[in-house]
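Remarks on the structure that follows.
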Amino acid sequence: MFSQSYGWNPATKEAVESLQESFPERLVGRVRRSERDWDVVETSDGPVNCERRLGSFGDYIEPGVGDWVLVSEDSTQEPPQFIIDTVIDRQNEILRRRSQPGAVRSQAIATNIDTLGLVVGLDQGLNKSRLIRSIILALNAEATPTLILTKADAVKQKKITKALRIVDEVDHLDTVFVIDSFNPEQIKPVYEAFAGSEPTTVALMGASGAGKSTLINSLCGTELETQEVRKQDSRGRHTTTFREMHPFAEQSAIIDTPGIRAIGLWKAEHGISEYFHEITNAIQNCEFSRCTHAGEQGCGLDEALSQSQIDDESLDLWRALLEENSETTDD
Ligand SMILES: Nc1nc2c(ncn2[C@@H]2O[C@H](COP(=O)(O)OP(=O)(O)O)[C@@H](O)[C@H]2O)c(=O)[nH]1
Ligand SMILES: [Mg+2]
Ligand SMILES: [Zn+2]
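Just so you know, we're using our numbering here: the sequence shown kicks off at 14 and counts up by one.
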């Protein structure tokens, strides 16, 4: 359908084709880039710019990078304008909390993804709580979390050992790469893990300066602008100002996201209960129907704690993340 398939997979094909029967004149495409007032959609006819007209089509979901959409031409305009008129139901979405003055809302960092690549520059160091939050975001979307530690060439072995010790302490992270993104030999296994045999979509997430754009350049052969990092503090300037999807490995796609300072959870109950599965199990085994699992005598969680099946650190983090997540409301 596309010259590049952009992660076009059988499930998407089915969802799109059933809708397209009703709207044969519309173009099928995938949102490649998202700006404030317009989106670039990759269609079988190539990229088209679509104007954002919120509310024009009733129940309008704000499209995000990775969304499969139907595009129509508005020929009442001169020259004719393209507009996204249908966002196909998402397979999943990576949401994060976005605080604005006077409002707390969510923002889709990426949609319809298979793998969430967490990119961390070894020079900046690995933060355990941030790593766990990122894994929860992935689990919440039923996507596979993968950690890519970059700049292995630029740090002392001690830093690598320290990061790997943290990796050992977290759960649900089966794939970890330690690489120099400029070294083709070290890029190869990452390429193979991301590409797979089916069309896939990978989203890369990580702090500004972590090396996301550099990694994409090595994986996709693109020439994205990367940033100069100030020697003193390794904080970079923001060069990526928008989210953008890039064609990868013939049939797949990689989404670059802007550096995120803090990962706020949004509607992540599922991810939290998956990550803390021992706690989830203990609560399910709690026999009291109105228990708050906060230290009641005979509570299932209390039992698991006394048998040392759960450690205090996990319990504290679980409580804190649930509390944070409970503040999420509908837009
Ligand atoms: N030595 C070395 N430098 C890297 C590596 N990956 C990224 N960099 C440098 O780190 C800086 C930030 O990278 P960039 O890709 O722009 O980070 P982004 O903000 O996550 O997109 C740039 O100066 C890159 O050249 C790596 O594996 N080794
Ligand atoms: Mg970048
Ligand atoms: Zn209980």
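In this text, a Cβ means the ideal position worked out from N, Cα and C, and glycines have one as well.
Simplified DSSP assignment, three categories, for residue i
i: residue 70; result: The predicted model places residue 70 with a pLDDT of 47, which falls under 50 and marks its position as unreliable; any figure quoted below should be read in that light. Residue 70: coil per DSSP, three-state reduction.
i: residue 269; result: strand
i: residue 148; result: helix
i: residue 260; result: strand
i: residue 87; result: strand
i: residue 139; result: coil
i: residue 95; result: strand
i: residue 297; result: helix
i: residue 193; result: coil
i: residue 33; result: helix
i: residue 177; result: helix
i: residue 64; result: strand
i: residue 120; result: strand
i: residue 319; result: helix
i: residue 239; result: coil
i: residue 335; result: helix
i: residue 284; result: helix
i: residue 246; result: With a pLDDT of 46 at residue 246, under the threshold of 50, the predicted position of this residue should be treated as unreliable, though the coordinate-derived value follows. Residue state, collapsed to three classes: coil.
i: residue 302; result: coil
i: residue 106; result: strand
i: residue 328; result: helix
i: residue 59; result: strand
i: residue 292; result: helix
i: residue 314; result: helix
i: residue 23; result: helix
i: residue 52; result: strand
Residue i versus residue j - alpha carbon distance
i: residue 326; j: residue 288; result: 14 angstroms
i: residue 271; j: residue 180; result: 24 angstroms
i: residue 317; j: residue 111; result: 36 angstroms
i: residue 53; j: residue 184; result: 37 angstroms
i: residue 47; j: residue 228; result: 21 angstroms
i: residue 96; j: residue 162; result: 39 angstroms
i: residue 217; j: residue 36; result: 33 angstroms
i: residue 125; j: residue 99; result: 15 angstroms
i: residue 61; j: residue 91; result: 16 angstroms
i: residue 167; j: residue 138; result: 12 angstroms
i: residue 322; j: residue 296; result: 13 angstroms
i: residue 307; j: residue 339; result: 16 angstroms
i: residue 158; j: residue 200; result: 18 angstroms
i: residue 324; j: residue 292; result: 10 angstroms
i: residue 165; j: residue 190; result: 10 angstroms
i: residue 94; j: residue 87; result: 5 angstroms
i: residue 49; j: residue 108; result: 17 angstroms
i: residue 197; j: residue 262; result: 15 angstroms
i: residue 332; j: residue 143; result: 16 angstroms
i: residue 319; j: residue 146; result: 26 angstroms
i: residue 328; j: residue 303; result: 20 angstroms
i: residue 300; j: residue 118; result: 36 angstroms
i: residue 330; j: residue 105; result: 25 angstroms
i: residue 290; j: residue 305; result: 17 angstroms
i: residue 298; j: residue 65; result: 49 angstroms
i: residue 24; j: residue 334; result: 32 angstroms
i: residue 208; j: residue 45; result: 18 angstroms
i: residue 63; j: residue 221; result: 28 angstroms
Best match in the options for proximity to residue i [C-alpha to C-alpha]
i: residue 43; options: 123, 50, 89, 37; result: 123
i: residue 223; options: 33, 92, 160; result: 160
i: residue 256; options: 29, 65, 77; result: 77
i: residue 156; options: 164, 296, 187, 200; result: 187
i: residue 259; options: 55, 182, 38; result: 55
i: residue 232; options: 330, 24, 203, 75; result: 203
i: residue 141; options: 275, 337, 295, 292; result: 275
i: residue 278; options: 59, 337, 264; result: 337
i: residue 195; options: 121, 226, 39; result: 226
i: residue 75; options: 230, 41, 121; result: 121
i: residue 154; options: 164, 205, 127; result: 127
i: residue 57; options: 51, 65, 41; result: 41
i: residue 268; options: 302, 64, 129; result: 129
i: residue 219; options: 273, 106, 193; result: 273
i: residue 193; options: 182, 230, 266; result: 230
i: residue 205; options: 305, 265, 169; result: 265
i: residue 27; options: 294, 172, 102; result: 102
**Asked** Is the segment 140-160 in contact with the segment 226-243, if contact means three or more CB pairs nearer than 8 angstroms?
**Response** Touching, no, given that fewer than three Cβ pairs across the two stretches are closer than 8 angstroms.
**Request:** Mind the definition here: the segment 19-31 touches the segment 208-223 only if three or more C-beta pairs lie below 8 angstroms; say whether that holds.
**Result:** Output reads yes: the segment 208-223 touches the segment 19-31.
**Message:** When you compare the segment 273-283 with the segment 303-312, are there three or more beta-carbon pairs, one atom per stretch, that lie closer than 8 angstroms?
**Reply:** With the cut-off at 8 angstroms, the segment 273-283 and the segment 303-312 do not touch.
**the segment 164-178 touching the segment 127-144, judged by at least three CB pairs closer than 8 angstroms** = Segments in contact, yes.
**Item:** Residue ranges of each alpha helix (DSSP H) within the segment 199-237, 4 or longer
**Value:** DSSP runs (the alpha helix (DSSP H)) wholly in the segment 199-237: 225-233.
**Request:** Taking 8 angstroms as the threshold, find out whether the segment 77-94 comes into contact with the segment 20-36 through three or more Cβ pairs.
**Result:** Contact check between the segment 77-94 and the segment 20-36: three or more CB pairs, one atom from each, fall below 8 angstroms, which counts as touching.
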